[in-house]
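Chemist:
In my numbering, the protein residues as written are 1243 to 1825.
#1: Suppose contacts are defined by Cβ-Cβ distances below 7 Å. Is residue 1567 in contact with residue 1535 by that definition?
#2: Which of the three DSSP states, helix, strand or coil, is assigned to residue 1708?
#3: What residues in its chain sit with their C-beta under 6 Å from that of residue 1770, if we drop five residues either side in the sequence?
#4: Please report the straight-line C-alpha distance between residue 1624 and residue 1500, rounded to a whole angstrom.
#5: Expressed to the nearest angstrom, what Euclidean distance is found between the alpha-carbon atoms of residue 1666 and residue 1659?
#6: Does DSSP put residue 1435 in a helix, a strand or coil?
#7: Taking 7 Å as the threshold (C-beta atoms), are residue 1775 and residue 1657 in contact?
#8: Per the contact definition of three or more C-beta pairs closer than 8 Å, is the region 1429-1443 in contact with the region 1538-1546?
#9: Starting from the Cα of residue 1574, find the closest Cα among 1429, 1767 and 1491 and give me that residue.
#10: If you compare alpha carbons, which of 1384, 1727 and 1738 is closest to residue 1788?
#11: Given a cut-off of 7 Å, decide if residue 1527 and residue 1514 are closer than it, judged by their beta-carbon atoms.
#12: Helix, strand or coil, according to DSSP, for residue 1190 in the structure here?
#13: Leaving aside the five residues before and after residue 1725 along the sequence, list all residues of the same chain whose C-beta is less than 8 Å from its C-beta, in chain order.
#14: If you measure from the beta carbon of residue 1606 to each beta carbon in chain D, is any gap under 7 Å?
#15: Measuring CA to CA, which of 1708, 1673 and 1550 is closest to residue 1655?
#16: Going by the beta-carbon positions, is the gap between residue 1674 and residue 1681 smaller than 7 Å?
#17: Mind reading off the beta-carbon distance from residue 1797 to residue 1385? Whole number of angstroms is fine, and I expect it under 8 Å.
#18: My understanding is that residue 1511 touches residue 1524, with C-beta atoms under 8 Å, so please give their C-beta distance in whole angstroms.
#19: Can you say whether residue 1381 is buried or exposed, counting buried as having 16 or more other CB atoms within 10 angstroms of its CB?
#20: Short check: CB of residue 1581 to CB of residue 1592, under 7 Å?
#21: Starting from residue 1525, trace the alpha helix (DSSP H) in both directions and tell me its first and last residue.
#22: Taking one C-beta from the region 1556-1564 and one from the region 1626-1642 each time, how about it: are there three or more such pairs within less than 8 Å?
#23: Quick check: what's the CA-CA separation for residue 1669 versus residue 1768?
#24: Leaving out five residues on either side along the sequence, give the residues of the same chain with a beta carbon under 6 Å from the beta carbon of residue 1720.
#25: Identify the continuous alpha helix (DSSP H) that holds residue 1416 and give its terminal residues.
#26: Quick check on the burial criterion: 16 or more other C-beta atoms within 10 angstroms. Buried or exposed for residue 1762?
#27: Are the CB atoms of residue 1404 and residue 1422 within a distance shorter than 7 Å?
#28: What are the complete alpha helix (DSSP H) segments, minimum 4 residues, inside the region 1664-1707?
#29: DSSP three-state label for residue 1351, please.
#30: Which runs of the alpha helix (DSSP H) spanning at least 4 residues fall entirely within the region 1537-1576, listed in chain order?
See below:
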């Protein structure tokens, strides 16, 4: 019997063999490694090695619930052959009380499910068309659809002059708004009608809610619900694994968004009443609050927020919204849950209960804010900050340090800053915000992992760790992969835009364009939106290139790469190690 079936899926990325559960023991005795990817339920009555799939017969509570809905629940134990329609094959993840999960928790080991979505995706592809979409491609198609819809609306609405913007401009503006970048070809406060402005605002809000919420809604629109393979993938990218309650988390995303944007609107409304009529003040306040929390940086003022450079209320409110939106919904969710618990203990104990992800985000964000503020003060104290009083210089430096990594609002003229300041700004834009947020860049956690890696390697420590927690080799590889891919995207994008903008310009005259174009390209990738003023002058192909870069920066280079390459589950091979000289 055992000689006629394909081997059980084993040793895929991020998995660990099951140990000790009664059901797995007999299977391992046959020389087979039972992994998380091969098993969707461990609380059944036992394993039978066979092709493809078999119905669960065990007492799993979630399996009973799915059966009561007429859902066919299966456990995956094969590597190919028969297919099953996943929209009818169970919509729940691993049972929380299954023996394998319980044992792993008692031993302090993490249950790693990252490979499960890929295995399920590649082994069981039942239908053609939309219903067979990989979870990696769902957000890509969803965002593309949103961008095209926004482009059509912007083309439909006339400008304030009565004409219509070109198609490539509509695509650029829709991409910038959907990807919450903020680069703009037009002064939308003066040149767009109310319809165009509301279209931009709607794209900002929808894009700012994030890939996870949008992907889930898109799956539901397809009539699939949230299948367990999609649930695994979404949880892998945006939460800490299958133990997270995805749907409850999505509800909190909406709650956080409404709460922060409402508070921001109220604070800005009170301030704008000094200069505008109540209805206009409310509209301006709401637009800027949404733009700030979603880290978009679009403004209805021609000079962004330069007129409010010394206004503490506007600066603190907008900066606070930017920081909250840039932390990521997962961090907000976890901080709220732990620090508002009635019996959570003293502050230090509550801090220790935070996950490594949240600690890295909070520490790296604080360090970048403080370091960026000090950097702007140091490099521009006698420059663009010189006309301001000392207190206002500190406020302006803090605001620019905040907005540089994510949002794109400005209270200072970047075209008047020194090259040193511009290079520092480019680095901050490249780092970007945090995972699961509305910002782009390589993310603060990627920087944190690379810092931890450098510290432990220089110190001679074999294991990479931070906050008394080890960082897996897979996480380190992802950090390197994201960084290298991001550098390639920015480099290639800069070269292409340089060719488009300066290809026919004599060398002496084109030399000064390099910094402007590098700044613009990095801003597009980090979905920041800061510019040295060259955006409206860009040619058609440069607009297309930057649109692609904004799209890649918003979704993340890792998601794009996985959507392209995650096609087939291949066997695992281990090659012989050989030393390489470094440095």
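Virtual Cβ for every residue (Gly too), placed ideally from N, Cα, C.
Modeler: In short, the structure shows the following:
#1: yes
#2: strand
#3: 1650 and 1671
#4: 41 Å
#5: 11 Å
#6: coil
#7: yes
#8: yes
#9: 1491
#10: 1738
#11: yes
#12: For residue 1190 there is no data in the structure shown, the boundaries of the chain being 1243 and 1825.
#13: 1684, 1688 and 1692
#14: Going by chain labels, chain D is absent from the structure shown, which holds only one protein chain.
#15: 1550
#16: yes
#17: 7 Å
#18: 5 Å
#19: buried
#20: yes
#21: 1520-1535
#22: yes
#23: 10 Å
#24: none
#25: 1409-1420
#26: buried
#27: no
#28: 1686-1700
#29: The pLDDT assigned to residue 1351 is 38, lower than 50, so where the model puts this residue is not dependable, and the model offers no usable value.
#30: 1554-1569
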